Each structure stands twice: as structure tokens, then as C-alpha cells.
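Let me begin by presenting the structure, written as C-alpha cells, before commenting on it.
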Amino acid sequence: MRNKILAVYPNSEFGTTSAPQIYVADFSKRTNKARGVEIHEIMPKDPNCDTTDMDCCVLLNGNNLQIDYNVFKDNQFKKEEDEDMKHGECCLFPNTNDDKTWILFIEIKDCKGSRIFKYKQDVKDKLILNIGEFRKHGIITHQNVYGVVEFPRKKTAFNEMIVSDPIEYKKIYKEYGIHFVPVNEVSIKDESFLEFYKKANL
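Numbering-wise (our numbering), the sequence shown opens with residue 3 and increments by one.
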């Protein structure tokens, strides 16, 4: 997967982790873009209060599977006019992968829970756009594709604010081939299976 991404996006940077817990955080808003999306093996601290944990998307990796990740740069995705394209935060996938394994795209909105509805369509559009680019260039073929939307400041279930019902969930999968899941926590079971928490009744 790394080689396929690099063939299309040669300036991409990757990391690898097998930590039992993986934390994905977007520091952009809280640091005025001095920092961006970061992936940590230990819960990071809020840059504005070093005694407070940062609000993160958490991936539970109980089997210590080796996971590769690509944090997307602002200029990674381009329109035909060479303009920068909107993008999510990153993608993650098993280090040992084939067309039967999963790939996970994450979009984070570090905002108050009361503002979730405002971004409802935007978060979907970004994931659909980025995943579509990966498919167009043959990076994704038959993998199980997951699009996770994460609002880390919202500590209770927020699924119904993003995907209103099972019909919408199925429509997104049928039209785009994406398992679209709004959650704050993901459990990595193996190379082919992810489990989600705080999931709507889908």
C-alpha cells in the first residue's frame, strides 16, 4: 500500500506503530496551525494546558498489529487546475496488506458538540473525495474501506447527527463503497476486521 501511495503522491510521509493504543489528534485549531495532525502511542496533552489530555480519536490495537499511516499534507491532493483539494486527516492500514484487508480514513472536527450539525455534510464530502482519489489512481482496489468521522470533544454518542438512519448508511456504502462510521473509538481486531464503539444502530 505504501508503494502505491508513493507512486501517486511521491512526497507522502509514513509512520508505523504496533502500540496497543494509537491516538490520532488534530492540533491545528488549538495551536493556530503551528502543529497539525499527529499520531501518538501515548495520550498527548492539550497544547494549551499540559495537565489536560488532548481530545483524540483512539484506535485500540490489542493484538499489537503493525499499522502503517499516512498523514495527509495540505498539498497532497490536487484538482486538475493544480489547486489544493479538501482532505481528511490521514489513512491507516495494516503493514501486511492485500485486497482483502482494510484501510481506514479519518476526518476530525475539533469543535464544540453543538456545532456538529454545521459540519455534517462537509465531513462526508471530504472522505468521499479522498477515497475517490485513491480509487481513481488504483491505490484502493478491493479493500474494505472505512471512513471515520470523529468529533473528539463530544464525549457521548453523536452518530444520529451525522448519519441519520440505516438507509443513509446503506446508501453511502452502495454509492461509494465506504463503511461510513461516526465514532471516537475504533478497535483493530486483525488485518481484515475493525470494530466500532458508540456506533449507531446500523
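No residue lacks a Cβ here, since even glycine has one placed at the ideal position from N, Cα and C.
None of these values were measured; they are calculated from a predicted model.
Are the segment 99-108 and the segment 137-156 in contact at 8 Å, needing three or more beta carbon pairs? yes
Please classify Ala27 as buried or exposed, where buried requires at least 16 other C-beta atoms within 10 Å of its C-beta. buried
Just how far apart, CA to CA, sit Asn132 and Phe153? 19 Å
Using only the alpha-carbon positions, how far apart do Met87 and Leu196 sit? 28 Å
When the Cα atoms are used, what is the spatial distance from Gly64 to Asp70? 16 Å
Cα-Cα separation between Val147 and Glu135, rounded to whole angstroms: 13 Å
Who are Asp70's beta bridge partners in DSSP? Thr18 and Phe95
Measuring CB atoms only, is the segment 22-39 touching the segment 169-180, in the sense that at least three cross pairs come out at less than 8 Å? no
Answer with buried or exposed for Met56, where buried requires no fewer than 16 other C-beta atoms within 10 angstroms of its C-beta. buried
Beta-carbon proximity list for Cys212, same chain, < 8 Å, skipping 5 on both sides: Lying before the first or after the last residue shown, residue 212 is absent from the chain, which here runs from 3 to 204.
Straight-line Cα distance separating Gln123 from Phe160: Legend: pLDDT at Phe160 = 48, less than 50; position of this residue unreliable, value from coordinates given subsequently. Each residue's Cα considered, the two are about 14 Å apart.
In angstroms with no decimal places, state the Cα-to-Cα distance between Asp112 and Phe182. 19 Å
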